[in-house]
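So the structure is just underneath, and the comments pick up after that.
There are 2 protein chains.
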Amino acid sequence: MNRPVLVVGGGPAGLSAANALAMAGQRVVLVDKADRLGGAPILSGYAKLVPSGEWAKDAIGGMVRRVESNKLIDVRKNATVKTFTGSPGDFRAALSDGKTVEASAAVLCTGFTHFDSVNKPEWGFGTYPDVVTTTQVEQMLSSGKGVRCPSDGRVPERVAILLCVGSRDRQIGREWCSKICCTVSSNLAMEIRETLPKCNVYIYYMDIRTFGLYEDTYYWKSQEEFKVKYIKARIAEVTSDGKRLIVKGEDTLVKRPITIPFDMVVHAIGMDPNVDNMTLSAVFDVKLEKHGHIAKASTYSNMSATSHPGVFVAGAATGPETIDDSIAQGQSAAMAALTASQGAMKEAAE
Amino acid sequence: MNRPVLVVGGGPAGLSAANALAMAGQRVVLVDKADRLGGAPILSGYAKLVPSGEWAKDAIGGMVRRVESNKLIDVRKNATVKTFTGSPGDFRAALSDGKTVEASAAVLCTGFTHFDSVNKPEWGFGTYPDVVTTTQVEQMLSSGKGVRCPSDGRVPERVAILLCVGSRDRQIGREWCSKICCTVSSNLAMEIRETLPKCNVYIYYMDIRTFGLYEDTYYWKSQEEFKVKYIKARIAEVTSDGKRLIVKGEDTLVKRPITIPFDMVVHAIGMDPNVDNMTLSAVFDVKLEKHGHIAKASTYSNMSATSHPGVFVAGAATGPETIDDSIAQGQSAAMAALTASQGAMKEAAE
Numbered sequence: 059m060n061r062p063v064l065v066v067g068g069g070p071a072g073l074s075a076a077n078a079l080a081m082a083g084q085r086v087v088l089v090d091k092a093d094r095l096g097g098a099p100i101l102s103g104y105a106k107l108v109p110s111g112e113w114a115k116d117a118i119g120g121m122v123r124r125v126e127s128n129k130l131i132d133v134r135k136n137a138t139v140k141t142f143t144g145s146p147g148d149f150r151a152a153l154s155d156g157k158t159v160e161a162s163a164a165v166l167c168t169g170f171t172h173f174d175s176v177n178k179p180e181w182g183f184g185t186y187p188d189v190v191t192t193t194q195v196e197q198m199l200s201s202g203k204g205v206r207c208p209s210d211g212r213v214p215e216r217v218a219i220l221l222c223v224g225s226r227d228r229q230i231g232r233e234w235c236s237k238i239c240c241t242v243s244s245n246l247a248m249e250i251r252e253t254l255p256k257c258n259v260y261i262y263y264m265d266i267r268t269f270g271l272y273e274d275t276y277y278w279k280s281q282e283e284f285k286v287k288y289i290k291a292r293i294a295e296v297t298s299d300g301k302r303l304i305v306k307g308e309d310t311l312v313k314r315p316i317t318i319p320f321d322m323v324v325h326a327i328g329m330d331p332n333v334d335n336m337t338l339s340a341v342f343d344v345k346l347e348k349h350g351h352i353a354k355a356s357t358y359s360n361m362s363a364t365s366h367p368g369v370f371v372a373g374a375a376t377g378p379e380t381i382d383d384s385i386a387q388g389q390s391a392a393m394a395a396l397t398a399s400q401g402a403m404k405e406a407a408e
Numbered sequence: 059m060n061r062p063v064l065v066v067g068g069g070p071a072g073l074s075a076a077n078a079l080a081m082a083g084q085r086v087v088l089v090d091k092a093d094r095l096g097g098a099p100i101l102s103g104y105a106k107l108v109p110s111g112e113w114a115k116d117a118i119g120g121m122v123r124r125v126e127s128n129k130l131i132d133v134r135k136n137a138t139v140k141t142f143t144g145s146p147g148d149f150r151a152a153l154s155d156g157k158t159v160e161a162s163a164a165v166l167c168t169g170f171t172h173f174d175s176v177n178k179p180e181w182g183f184g185t186y187p188d189v190v191t192t193t194q195v196e197q198m199l200s201s202g203k204g205v206r207c208p209s210d211g212r213v214p215e216r217v218a219i220l221l222c223v224g225s226r227d228r229q230i231g232r233e234w235c236s237k238i239c240c241t242v243s244s245n246l247a248m249e250i251r252e253t254l255p256k257c258n259v260y261i262y263y264m265d266i267r268t269f270g271l272y273e274d275t276y277y278w279k280s281q282e283e284f285k286v287k288y289i290k291a292r293i294a295e296v297t298s299d300g301k302r303l304i305v306k307g308e309d310t311l312v313k314r315p316i317t318i319p320f321d322m323v324v325h326a327i328g329m330d331p332n333v334d335n336m337t338l339s340a341v342f343d344v345k346l347e348k349h350g351h352i353a354k355a356s357t358y359s360n361m362s363a364t365s366h367p368g369v370f371v372a373g374a375a376t377g378p379e380t381i382d383d384s385i386a387q388g389q390s391a392a393m394a395a396l397t398a399s400q401g402a403m404k405e406a407a408e
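As they're listed, the protein sequences go chains A and B. Quick note, the numbering used here runs 58 ahead of the 1-based positions in the first sequence. Quick note, the numbering used here runs 58 ahead of the 1-based positions in the second sequence.
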């Protein structure tokens, strides 16, 4: 019987890859280091997702349930891969729980790590309790408790969302754009305005990157229907006057310094390469690209390929990625792994 | 025997879907209205593609050859679908060539139509021969003839690329962003600078949307290595002084009117919904979203679904899309069609 395909990581890409393989009748072993599946949207408690508008716990939670109830998928939580040896069609993975898995191919869906805002200290995170991250605001919304200032629990009257925190910033070694923060922030601003209609929300930006159909459904809608204000600015620092937070910077459209008080400042944090990527690179013998993401093939005919034959990659493991593209890429990598797996079988039979 | 899956459209998404289905052992009928496969990259003669850097004729041409040599894929060129009836597992498509195809499911990969710049007359296309489109510049590069002014064949010393022509423009009914023009234009600017090192290239933009890893590999690289200049501007009109083209507008960063002469002006044209979408909507009984793209399901568990069970969609048919995402989506839709097809078979057997 054909060996299973090893899928590493149970976020949107991994769930999608595992499900697609099982749909094609292929056995899967899905390994996740966490104690539950779902990846960032579940573990970080995201609220309503872009672009479906579904709650993360329903949308991604549904994918988790589908995978966990599939008899062809063997889920191993709290486990990592320690060694990975062999060749296409005949790999062997030693897991951290002492077990060994035989696999015909592997799909790495190991995702990203949220940027840690303490690495951008001049913008106040870690110093002022009312400077929070988009992830924290997602949690406030998904928990049902609503958006409140952490310092004293009050309803904020003025909220600033700062884009590109940990993105497009050579000073701190993050040259990439995190792709989806603009749209997520527009969405979050609308959710704040919807739940707190008296709260004014400002978004500080360099460029607004609500690409494709997100342009009018998020960017324009947030301005026209939800009265979210956008300020093109270079931010110098976030301080406090003892009562409110003060965002200082330069409005790059009017070329004037601006200093505006806010009750809450939200860092739209970027997507870093997964902190485990150096280890994953060593264990699976796959190359990383210059920023530390898992390098994928640059040819259209085999887009999920890594530098290691038989090992494929999908989703944010390869760079900042949206959830829907991660899901599509998971299915795409599943097809590639299936083909490789069948090809190896065929060769072995000949 | 299982009925084939009908794939409509042989561009990147359709080629990818057909190949994925065949890889899974599923027969496919691939219908394309053109006399050859490849979609926009081949029919419009694109040059080097983003992000792989491969020539379109190699990368997409390779996908075409793989599909055309696959015995499980029955390619019908110069054909359209006139009627489509039946139910999942048991569809019947009447083609324009008089033939009938039985199908278990359908995947629409019908792509987009390039924006026609004559709909933006104040920007000079159709009036001045040296106002061209990104597609025309791609053709100049891919033909090997190089970038030359159409009026007299001279090598341009100064080229302006105007972004968002037919995108983000409510005046002409195009509210969407075309997603990839920013990155394609950065890439094109570098190709012009590479082939004509003495030619200065300026890019006029609203926002630069080189998302994800395109930020430093295209936007920064084009500025730092290739000295491409970026001007944030609102463009009023493109005229001529009888010798050169004159781009008039307002530099929105310095709030000053700017009037700059160029030898060639390039419209970075957007992606319109396919002009056939009204017909496709009627034939396949699928809903369109408000801009006229084929509406796809908004749930993560079934992203390729249309409003018609058993009919799936992938790529730029659903909105502006990149080639690599179109390819991943083609595979994703293939998985969905395969599942639907197998499910219908199973039901029929019960």
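Ideal placement from N, C-alpha and C gives every residue a C-beta, glycine not left out. Since the model is a prediction, treat every value here as computed from it, not as a measurement.
query, result
"Rounded C-alpha distance that separates A/I118 from A/S74", "10 angstroms"
"Beta carbon of B/G97 nearer than 8 angstroms to that of B/P62", "no"
"Minimum Cβ-Cβ distance from A/D227 to chain B less than 8 angstroms", "no"
"Simplified DSSP assignment, three categories, for A/T275", "helix"
"Residue range of the alpha helix (DSSP H) that includes B/M264", "No alpha helix (DSSP H) contains B/M264, which DSSP labels as neither H nor E."
"Neighbour flag for A/G270 against chain B, beta carbons, 8 angstroms", "yes"
"Closest Cα partner of A/A92 within the set A/I100, A/Y276 and A/R85", "A/I100"
"Residue(s) in a DSSP beta bridge with A/D343", "DSSP, once it has assigned bridges, lists no residue as partnering A/D343."
"Sub-8 angstroms separation of A/I327 and A/T192 beta-carbons", "yes"
"Under 7 angstroms by beta carbon: chain B residues contacting A/L95", "Here the premise fails: no neighbours, minimum Cβ distance about 14 angstroms."
"Chain B contact residues for A/C235, given Cβ-Cβ distances below 9 angstroms", "R267, T268, F269, G270, L271, Y272, E273, D274 and Y277"
"Exposure of B/M336, with buried meaning 16 or more beta-carbon neighbours within 10 Å", "exposed"
"DSSP beta-bridge partners of A/S145", "A/D148"
"For A/F269 and A/V324, the rounded distance between their alpha carbons", "22 angstroms"
"B/Y288 - DSSP class collapsed to helix/strand/coil", "strand"
"Inter-residue spacing [alpha-carbon to alpha-carbon] between B/E295 and B/T310", "15 angstroms"
"is_contact[B/H383, chain A] using C-beta, thresh 8 angstroms", "The residue you asked about is not His; residue 383 of chain B is Asp in the sequence shown. True, the Cβ-Cβ gap to chain A drops below 8 angstroms."
"Simplified DSSP assignment, three categories, for A/S298", "strand"
"Helix, strand or coil at B/D309 [DSSP, three-state]", "strand"
"B/D132 - partner residues in DSSP beta bridges", "B/V87"
"Where the segment 109-135 of chain A meets chain B: residues whose CB sits under 8 angstroms from a CB there", "P109, S110, G111, E112, A117, I118, G120, M121 and R124"
"Where A/G158 falls: helix, strand or coil (DSSP)", "Before going on, a small fix: residue 158 of chain A reads as Thr here, not Gly. Strand."
"Which of helix, strand or coil DSSP assigns to A/T191", "strand"
"Chain B contact residues for A/G377, given Cβ-Cβ distances below 7 angstroms", "G270 and L271"
"Chain-ordered residues of the segment 345-372 of chain A with a beta carbon less than 8 angstroms from chain B", "E347, H349, H351, S356, T357, Y358, S359 and M361"
"Residue-level contact to chain B via CB, A/L311, 8 angstroms cutoff", "yes"
"CB contact flag (A/A163, A/P146, <8 angstroms)", "yes"
"Proximal chain A residues relative to B/M393, where beta-carbon distance stays under 8 angstroms", "A78, M81, A82, Q389, A392 and M393"
"CA-to-CA distance, A/I261 to A/V223, given in whole angstroms", "12 angstroms"
"Pair within 8 angstroms by beta-carbon distance, B/V89 and B/V66", "yes"
"Residues near A/E347 in its chain [Cβ-Cβ closer than 7 angstroms; skip 5 each side]", "A353"
"Alpha-carbon spacing of B/A152 relative to B/A363, whole angstroms", "22 angstroms"
"Listed by chain order, chain B residues near A/A386 by CB distance under 8 angstroms", "M361, D383, A386, Q387, Q389 and S390"
"Sequence-distant residues of the same chain with beta carbon closer than 6 angstroms to B/P319, five excluded per side", "R302 and I304"
"Cα-Cα separation between B/W234 and A/L271, rounded to whole angstroms", "5 angstroms"
"CB of A/G373 within 8 angstroms of CB of A/E379, strictly", "yes"
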